[in-house]
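The block underneath contains the structure these notes are about, expressed in structure tokens.
Numbering (my numbering), first residue to last: 26 to 94.
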């Protein structure tokens, strides 16, 4: 009987890979706006420490109210 030397196929190798953009820059105005907000937050200086989540939530709400006035 001949030796067929069969190889098991990995199903992951059969699935085509998704196209990955050459860069991860923002693709449209919405992504650019989000990117700008994230960078503004990252570059805004040192953060503030809160003792608990309730203290953070109260400060966050106060900032939102000040921003919308």
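For each residue, glycine too, the CB sits at the ideal point set by N, CA and C.
In the three-state reduction of the DSSP assignment, residue 36 falls in the helix class. Annotation for residue 66: the continuous alpha helix (DSSP H) segment containing it runs 54-67. Excluding its 5 nearest sequence neighbours in each direction, residue 60 has C-beta neighbours in its own chain below 6 Å: 51, listed in chain order.
In this structure, the straight-line span from the alpha carbon of residue 41 to that of residue 55 is close to 29 Å. Residue 76 has its alpha-carbon roughly 55 Å from the corresponding atom of residue 34.
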